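Going by this note's numbering, the sequence shown opens with residue 20, and the numbers climb by one from there.
Cβ atoms here follow ideal geometry from the backbone N, Cα and C, with glycine treated the same way.
The model shown is predicted, which means the values in this text are computed figures rather than measured ones.
Here the structure is laid out as structure tokens; the discussion comes afterwards.
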Amino acid sequence: MLSSTIRQSFIDYFRDRGHTPVPSSPLIPEGDSTLLFTNAGMVQFKRVFQGLEQRDYRTAVTSQKCVRAGGKHNDLEQVGHTTRHHTFFEMLGNFSFGDYFKKKAIEYAWEWVTSDQYLGIHPDRLSVTVHHTDDDARKLWHSVTGLAESRIYGLGDEDNFWQMGDTGPCGPCSEIYVDLRPRPRVQGARGRGQGAGTQAEFEALAESGQLMEIWNLVFMQFDQAADGTRTPLPAPSVDTGAGLERIAAVLQESDSNFHTDLFVPLLDRVAELVGKPYDRGPKGAGYRVLADHARAVSFLLADGVYPANDGRGYVLRRILRRAVRHAWLLGRKEPTLTGVADAVVRQMGDVYPELVAKRAHILSVTQAEEERFLETIEGGLKRLDEITRGAPGTIGGAEAFKLYDTHGFPLDLTQLIAGERGWTVDTTGFEQALAQQQTRSRTSAHHAPRTTHAVSGGRWIKVTPRKRQKFVGYSELSVETEVLSYRGTGSAIELILQENPFYAESGGQISDTGIVHSASCVVRVNNVRREDGKQVLVGTIDGALETGHVTAIVDESRRRDIERNHSATHLVHAALRSALGTHVRQAGSVVAPDRLRFDFSHHQPVSDDALAEIEATVNQGIWANVDVVTREMAYDDALKLGAMALFGEKYGDRVRVVDMAGLSVELCGGTHVRTTGQIGLFHFSGESGVAAGVRRIEAVTGPGAYEVVRALDRQVETVSETLRTTPEHLTRKVEQLLEERRKLERQIEDLLRSGDGGRETGDVQHRFGDVILYVGDSPVSDREQVGLLMDAFRNEQQRAIKVLFSGGERPGVHVAVTDDLVSKGIRAGDLVKRLAAVSGGSGGGRPHFASGGIGDAAMIDETRRQAPSIIQGAIGA
Numbered sequence: 020m021l022s023s024t025i026r027q028s029f030i031d032y033f034r035d036r037g038h039t040p041v042p043s044s045p046l047i048p049e050g051d052s053t054l055l056f057t058n059a060g061m062v063q064f065k066r067v068f069q070g071l072e073q074r075d076y077r078t079a080v081t082s083q084k085c086v087r088a089g090g091k092h093n094d095l096e097q098v099g100h101t102t103r104h105h106t107f108f109e110m111l112g113n114f115s116f117g118d119y120f121k122k123k124a125i126e127y128a129w130e131w132v133t134s135d136q137y138l139g140i141h142p143d144r145l146s147v148t149v150h151h152t153d154d155d156a157r158k159l160w161h162s163v164t165g166l167a168e169s170r171i172y173g174l175g176d177e178d179n180f181w182q183m184g185d186t187g188p189c190g191p192c193s194e195i196y197v198d199l200r201p202r203p204r205v206q207g208a209r210g211r212g213q214g215a216g217t218q219a220e221f222e223a224l225a226e227s228g229q230l231m232e233i234w235n236l237v238f239m240q241f242d243q244a245a246d247g248t249r250t251p252l253p254a255p256s257v258d259t260g261a262g263l264e265r266i267a268a269v270l271q272e273s274d275s276n277f278h279t280d281l282f283v284p285l286l287d288r289v290a291e292l293v294g295k296p297y298d299r300g301p302k303g304a305g306y307r308v309l310a311d312h313a314r315a316v317s318f319l320l321a322d323g324v325y326p327a328n329d330g331r332g333y334v335l336r337r338i339l340r341r342a343v344r345h346a347w348l349l350g351r352k353e354p355t356l357t358g359v360a361d362a363v364v365r366q367m368g369d370v371y372p373e374l375v376a377k378r379a380h381i382l383s384v385t386q387a388e389e390e391r392f393l394e395t396i397e398g399g400l401k402r403l404d405e406i407t408r409g410a411p412g413t414i415g416g417a418e419a420f421k422l423y424d425t426h427g428f429p430l431d432l433t434q435l436i437a438g439e440r441g442w443t444v445d446t447t448g449f450e451q452a453l454a455q456q457q458t459r460s461r462t463s464a465h466h467a468p469r470t471t472h473a474v475s476g477g478r479w480i481k482v483t484p485r486k487r488q489k490f491v492g493y494s495e496l497s498v499e500t501e502v503l504s505y506r507g508t509g510s511a512i513e514l515i516l517q518e519n520p521f522y523a524e525s526g527g528q529i530s531d532t533g534i535v536h537s538a539s540c541v542v543r544v545n546n547v548r549r550e551d552g553k554q555v556l557v558g559t560i561d562g563a564l565e566t567g568h569v570t571a572i573v574d575e576s577r578r579r580d581i582e583r584n585h586s587a588t589h590l591v592h593a594a595l596r597s598a599l600g601t602h603v604r605q606a607g608s609v610v611a612p613d614r615l616r617f618d619f620s621h622h623q624p625v626s627d628d629a630l631a632e633i634e635a636t637v638n639q640g641i642w643a644n645v646d647v648v649t650r651e652m653a654y655d656d657a658l659k660l661g662a663m664a665l666f667g668e669k670y671g672d673r674v675r676v677v678d679m680a681g682l683s684v685e686l687c688g689g690t691h692v693r694t695t696g697q698i699g700l701f702h703f704s705g706e707s708g709v710a711a712g713v714r715r716i717e718a719v720t721g722p723g724a725y726e727v728v729r730a731l732d733r734q735v736e737t738v739s740e741t742l743r744t745t746p747e748h749l750t751r752k753v754e755q756l757l758e759e760r761r762k763l764e765r766q767i768e769d770l771l772r773s774g775d776g777g778r779e780t781g782d783v784q785h786r787f788g789d790v791i792l793y794v795g796d797s798p799v800s801d802r803e804q805v806g807l808l809m810d811a812f813r814n815e816q817q818r819a820i821k822v823l824f825s826g827g828e829r830p831g832v833h834v835a836v837t838d839d840l841v842s843k844g845i846r847a848g849d850l851v852k853r854l855a856a857v858s859g860g861s862g863g864g865r866p867h868f869a870s871g872g873i874g875d876a877a878m879i880d881e882t883r884r885q886a887p888s889i890i891q892g893a894i895g896a
């Protein structure tokens, strides 16, 4: 039975019995800080079980995506080396919130597992466990299913008692086990099992994996108090979890979850990328790691987790880098997980459409992370080889941190590799080194000065006294409000509104513009400034302000562009610090609708490669489309959170924190996008130095970045048309032209050196005694090539002088004198100066060869006409 059939069969079975199908919740538990990831089907119902939330249904069925790769539930290091462990898996579950209890739950489970209409697993292959004190469950399993009491085993709290936490709902469990041992193929026997035997034999078979748990039924019937006492719940509930991967292995008679239809296509893709067939034994561990980790990475990225150095992002990065390391061991020195992740999207996109919607993001982030780690993994592995030479010992905390900080090795990856070689790692020392770096990263920021504006003259006229102004521009761009006061001269006017949506320039973000209008006037707002704690709108007025009631409207398109650029500066700051170091601090900024400018502390120019990496990192943050959350909190709490103070302001007790899902956390009073995806696209337009130790980058986002890309496209198209090729073949065409030019240059040089160009047929000869003068036009304009031509002339001639005129953008005159005349005191440099002077030019050079410029191009023919007489006079002939 295919896994997709199993999944749908489960949903259909319980839906037909009155259960409401509930979609899988995200892997990031909503409002639950106790868990890194959703690790069971009941997570989305915790508040329901606790009585803190009501749903419009009392029974539910789900197929829940789960990750166990961090925190208390962490199977990461076992993945690939066992047949059952995964970082990502699907848990089928049915739930009762005070509706049915043990009897019905057991009936449902037994029917779906054993009925030929559903899974059809023979009862003789099944055993169950109960909590050793749960006599009710033991009796029900026997009476409801007919299961022999010898197949019902009582286990203790560790295996068969579940609790949500130290306090709260809890209760005993029952688990269903399948006998995986080879069984006789007797017609009609449907593969009966052999029986688990005694309690000790059962536990031994379960430990060895020959009996495998496929379903756990949790009966929540108590409320545990802080002192450990348990009182019965007024409405006992049921929470179950059945592993899809394990059930698929049973139904497909596979020796491993990895050898089912859930994983075989992924293993095939790994083999295709690696270029070697998959080995089902220990040698295939790397293939299994890549197949498993591709699923976890794809789903985590789709649900909004982004690679980072802490929290959920750190777990994701660990998974990614563990996969890269295994691909490296398989001989791959290029991104591999990306190709497997694409196969995950294709295989599971029908069931989980978020994979398809986020495909581009999944692949781009995965590839970027792979490429980043591949740049450093070789150096890290070499360093580990050096450290672990000799007898096993302990890798120091400082050395482990260096592997993390320099080579990107997460601590657990260092521990894994060290453990394979018999070494341990000083984790305490590592944590101390990490804490020291985090402390250094929170040093105070360089602050940018505020811009001030001139105040228009006149007396303030109070329209609506005794009311306070309120800035509403974070959430509103159009409001109906009252004018508190105004002043102006002629058409110039300044307004103070009670509810003001216009942002006043601060922190580098320029002011909003827009209009304020009433029935009698329109004010065009072109600036906003601050005065005595108030925001003053500056603009021009058409009409007369006859009433205090107005409508204020911010130019929304302009504001959105500003927000894109402002939010991008936060991502840029974080990316710069990540790429260049934690010494990077903002030293000023300008956030306008058409561009952003960001000054920062750094001691040298940023290389093109680093800029490309930073640009890619910023765009990855944009495409992650994480929420941009703003909240107010105590200043000290904000600093503890890691928020950076950026602007030269005196902060009060409470501050505004802008958090981009951990990608950037800063104190900021500016306006921002709601999700990073609204930035659209980020593109650097320049990098330069502005002062000692201060660099400046300029960039565009959104529509501005799009226009830059379009302009580049148009340029490429124009060049392609000029060269009579297509854009995709442009590089090849240019390379061909350059190669042709190099060939022609070599041919010219060979021609000039050969002497064939020594006496051009167009040269005019003049004889002064025994000296011959040749005057002509050079076939080349490059001075070095003219020199080669003159060398060939001098090698062929005796008692001769040659004058050549070259054209082009910079016309010139060149003179060569044979060595026998040079020995008589005739210098080419002296001759060329006299010739160049005719046109107002000058020249010079060596005794045997010299060049000069033609000052006035119109005089080149006159210079040529006078050349014989000038040379004759100079040599005294």
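What are the residues that DSSP puts in a beta bridge with Arg506?
DSSP output for Arg506 lists Glu513 as bridge partner(s).
Taking its Cβ as the centre, do 16 or more other Cβ atoms sit within 10 Å of Arg249, making it buried, or is it exposed?
exposed
Anticipated Cβ contact below 8 Å, Pro866 with Gly848, distance rounded:
Right, the Cβ-Cβ distance comes to about 7 Å (below 8 Å), so this counts as a contact.
First and last residue of the beta strand (DSSP E) that includes Gln182?
180-182 is the span of the beta strand (DSSP E), which, as asked, contains Gln182.
Give me, in chain order, the residues of the same chain whose beta-carbon lies closer than 7 Å to that of Gly872; leave out the 5 immediate sequence neighbours on both sides.
Arg829, Gly831, Ala855, Gly860, Ser861, Gly862
Leu742 (DSSP reduced to helix, strand or coil):
Coil at Leu742, not helix or strand.
According to DSSP, what are the bridge partners of Ile572?
DSSP lists Ser497, Ile534 as partners of Ile572.
Which of the three DSSP states is assigned to Trp642 in this structure?
helix
Could you check the C-alpha separation between Lys486 and Ile515 for me, to the nearest Å?
11 Å
Could you compute how far the alpha carbon of Leu174 sits from the alpha carbon of Ile698?
Answer to the nearest angstrom: the Cα atoms are 56 Å apart.
Pairwise C-alpha distance: Ala594 and Gly416
27 Å
Within 10 Å of its beta-carbon, does Asp198 have 16 or more other beta-carbons around it, so buried, or fewer, so exposed?
buried
What does the alpha-carbon distance come out to for the pair Gly681 and Asp646?
One C-alpha to the other measures close to 10 Å.
Counting along the chain, where does the beta strand (DSSP E) carrying Gln218 start and finish?
Taken as a continuous stretch (DSSP letters only), Gln218 belongs to no beta strand (DSSP E), being part of the alpha helix (DSSP H) at 218-227.
For Trp234, which beta-bridge partners are listed by DSSP?
Ile195, Ala261
Is it buried or exposed for Arg743, if we count other Cβ within 10 angstroms and need 16 for buried?
Exposed is the call here.
Rounded to whole angstroms, what is the Cα-Cα separation between Gly117 and Ser497?
49 Å
Reference Val269; option with closest CA among Met20, Gln63, Ser586, Tyr725
Met20
Please tell me whether Asp445 and Ala410 are closer than 8 Å, where the distance is taken between their beta carbons.
Not closer than 8 Å, so no.
Can you tell which of Gly844, Gly892, Ser825 has its C-alpha closest to the C-alpha of Ala876?
Sorting Gly844, Gly892, Ser825 by C-alpha distance to the C-alpha of Ala876 places Ser825 at the top.
Any chance the segment 587-603 sits against the segment 716-728, with 3 or more Cβ pairs inside 8 Å?
yes
Ala254 and Leu286: beta carbons closer than 8 Å?
no
Got a sec, what are the start and stop residues for the alpha helix (DSSP H) Glu717 sits in?
Looking at the DSSP string, Glu717 is not in any alpha helix (DSSP H); the run it does join, the beta strand (DSSP E), is 713-720.
Alpha carbon of Val735 to alpha carbon of Tyr725, nearest angstrom
Straight-line measurement puts the Cα of Tyr725 at about 15 Å from the Cα of Val735.
Considering only C-alpha positions, which residue in the set Thr78, Ile534, Leu46 is nearest to Cys85?
Leu46
Asp431 versus Tyr333: straight-line alpha-carbon distance, rounded:
11 Å
Hey, how far is the Cα of Ser134 from the Cα of Ile140?
Straight-line measurement puts the Cα of Ile140 at about 7 Å from the Cα of Ser134.
How would you label Val573, buried or exposed, when you count the other beta carbons within 10 angstroms and need 16 or more for buried?
buried
Collapsed DSSP secondary structure at Met679 in the structure displayed
coil
Beta carbon of Val557 nearer than 8 Å to that of Arg543:
Their beta carbons are not under 8 Å apart, which means Val557 does not touch Arg543 by this criterion.
Spatial neighbours of His161 in its chain, beta-carbon cut-off 7 Å, leaving aside the 5 residues before and after
Glu168, Ile171
Report, in whole angstroms, the separation of the C-beta atoms of Leu393 and Ile436, which I expect to be a contact under 8 Å.
That pair is no contact at about 16 Å.
Could you give the distance in angstroms between the alpha-carbon of Val926 and the alpha-carbon of Asp678?
The shown model of the chain, from 20 to 896, leaves out residue 926, and the question about it has no answer.
Roughly how many whole angstroms lie between the Cα atoms of Pro7 and Glu575?
This structure gives no information on residue 7, because the portion of the chain shown stretches from 20 to 896.
Can you list, in chain order, the residues of its chain with a C-beta nearer than 7 Å to that of Glu495? Leave out the 5 residues immediately preceding and following it.
Pro520
Name the residue from Ala88, Phe107, Val237, Phe114 whose alpha carbon lies nearest to the alpha carbon of Asp153.
Asp153 has its Cα closest to that of Val237, out of Ala88, Phe107, Val237, Phe114.
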